[in-house]
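Report on the structure given below.
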Amino acid sequence: MELVLYSIGFSVFLATLLVIAAIYSKNKIVKSELAKKQLEIDHQKELVEQLIEVQEEERSRIARELHDGVNAKLATVLLFAAKPKEKVDGQEISDAIREAMQISRRISYDLLPPTLESFGLKGALFELFEEIEEKSDISIQIELDDHVDEIPTNKQLHVYRIVQESLQNTIKYAEATSIHLNALYNGQQLILTYQDNGKGMDFTTTAQLGLGLKNIAARAEMIPATHEFKSEPGKGFQTKLMIEL
Numbered sequence: 202m203e204l205v206l207y208s209i210g211f212s213v214f215l216a217t218l219l220v221i222a223a224i225y226s227k228n229k230i231v232k233s234e235l236a237k238k239q240l241e242i243d244h245q246k247e248l249v250e251q252l253i254e255v256q257e258e259e260r261s262r263i264a265r266e267l268h269d270g271v272n273a274k275l276a277t278v279l280l281f282a283a284k285p286k287e288k289v290d291g292q293e294i295s296d297a298i299r300e301a302m303q304i305s306r307r308i309s310y311d312l313l314p315p316t317l318e319s320f321g322l323k324g325a326l327f328e329l330f331e332e333i334e335e336k337s338d339i340s341i342q343i344e345l346d347d348h349v350d351e352i353p354t355n356k357q358l359h360v361y362r363i364v365q366e367s368l369q370n371t372i373k374y375a376e377a378t379s380i381h382l383n384a385l386y387n388g389q390q391l392i393l394t395y396q397d398n399g400k401g402m403d404f405t406t407t408a409q410l411g412l413g414l415k416n417i418a419a420r421a422e423m424i425p426a427t428h429e430f431k432s433e434p435g436k437g438f439q440t441k442l443m444i445e446l
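Shown next as structure tokens:
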């Protein structure tokens, strides 16, 4: 009888241990899942904050251009218009209006490049690089697979902005003499690689990415695309995008 009671007691004890172990294991899994979800939430929050920061910077830039450019030129026209008719210089008025129109077109182009709408991403990128080549001493090499235009229309602007941001970083900071843009399709992904031969940077000693690189990272997430930054002092800078098609 004692043996039976002992066996029952041991079985109950063992069952209790198993239940406790199962509960502990489940709690551990739940905590792990919650931690994973929290990381995802934190990442999305950081992404949103980066996008807001980028958008605010863009709004500020446009506001400055409108105030310092368009408004200033229109104010000049008003001053001329207020003069006695015989003292009005028609050529100066025409020049001020023309400059205001040029600034307005540039702002409009920055918001949405017309070539992107008319000819697609490939045509817009070629136009962008031709403009850079005309205005600088940087040597340009561009090779784009036709699959570039298979990127969904609503995502093409993000890719364009990423390349544009990379160009701006090169022009402002890299002291580069050449830029190479390459896009190849491997049957599953379009791999777009931007490379300059500038002075590069050391990511291990850079506490934070600059606004330009944050912009690139945020836009890559919006595509969504896998992105990589690669750079070393004296070895240029590379941005790579891997986009599923």
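According to the working numbering, the sequence shown is numbered sequentially starting from 202.
Backbone N, C-alpha and C define an ideal beta-carbon position, used for all residues, glycine too.
**Residues near D397 in its chain [Cβ-Cβ closer than 6 Å; skip 5 each side]** = Taking the sequence shown and counting its residues from 1, the one referred to as residue 397 is at position 196. Excluding residues up to 5 positions away in sequence, T371, A375, A377, I380, G437 and F438 lie with their Cβ nearer than 6 Å to the Cβ of D397 in the same chain.
**Asked** Any beta-carbon of chain D closer than 8 Å to the one on Q390?
**Response** This model lacks chain D altogether, as it is built from one protein chain only.
**Message:** Counting C-beta neighbours from all protein chains within 10 Å, is the total for V349 16 or more, i.e. buried, or is it exposed?
**Reply:** Taking the sequence shown and counting its residues from 1, the one referred to as residue 349 is at position 148. V349 should be labelled buried.
**Message:** Here's the rule: buried if 16 or more other CB atoms are within 10 angstroms of the residue's CB, otherwise exposed. What is K232?
**Reply:** Against the sequence shown, residue 232 aligns to sequence position 31. It is exposed - the Cβ of K232 has fewer than 16 other Cβ atoms within 10 Å.
**Item:** Where the alpha helix (DSSP H) through T394 begins and ends
**Value:** Indexing the sequence shown from 1 puts residue 394 at position 193. No alpha helix (DSSP H) holds T394; the beta strand (DSSP E) holding it covers Q390 to D397.
**Secondary structure of A408, DSSP reduced to three states** = Looking up residue 408 in the sequence shown gives position 207. Unreliable positioning characterises A408 in this predicted model, as indicated by a pLDDT of 48, which lies under 50. The coordinate reading is nonetheless provided below. A408 falls in the coil class under three-state DSSP.
**Asked** Helix, strand or coil: which one does DSSP assign to M302?
**Response** Within the sequence shown, the letter at position 101 stands for residue 302. Looking at M302 - three-state DSSP - the assignment turns out to be helix.
**Asked** Taking buried to mean at least 16 other C-beta atoms within 10 Å of its own C-beta, is V222 buried or exposed?
**Response** On the sequence shown, position 21 is the one that residue 222 refers to. This sequence places Ala at residue 222; Val is not what is there. Exposed: under 16 other Cβ atoms inside 10 Å.
**Request:** Could you check the C-alpha separation between K238 and A384 for me, to the nearest Å?
**Result:** Taking the first residue of the sequence shown as position 1, residue 238 is located at position 37. Taking the first residue of the sequence shown as position 1, residue 384 is located at position 183. Between K238 and A384, the alpha-carbon positions lie close to 34 Å from each other.
**Asked** Beta-carbon separation of E366 and G411 under 8 Å?
**Response** As a working mapping, residue 366 is identified with position 165 in the sequence shown. As a working mapping, residue 411 is identified with position 210 in the sequence shown. Contact: no.
**Under 8 Å between C-beta atoms of L393 and L442** = In the sequence shown, the residue the question calls residue 393 occupies position 192. In the sequence shown, the residue the question calls residue 442 occupies position 241. Closer than 8 Å, so yes.
**Request:** Could you tell me how far apart the beta carbons of L358 and L317 are, in whole angstroms, since I believe they sit closer than 8 Å?
**Result:** One-based indexing of the sequence shown puts residue 358 at position 157. One-based indexing of the sequence shown puts residue 317 at position 116. Correct: roughly 7 Å between the Cβ atoms.
**Request:** Measuring alpha carbon to alpha carbon, tell me which of A273, L313, D338 and K323 ends up nearest D296.
**Result:** Within the sequence shown, residue 296 is the residue found at index 95, counting from 1. Ranking the options by Cα distance to D296, first place goes to A273.
**Item:** Cβ-Cβ separation, L368 to I424 (assumed contact under 8 Å), whole Å
**Value:** Looking up residue 424 in the sequence shown gives position 223. Looking up residue 368 in the sequence shown gives position 167. Incorrect: roughly 18 Å between the Cβ atoms, too far for contact.
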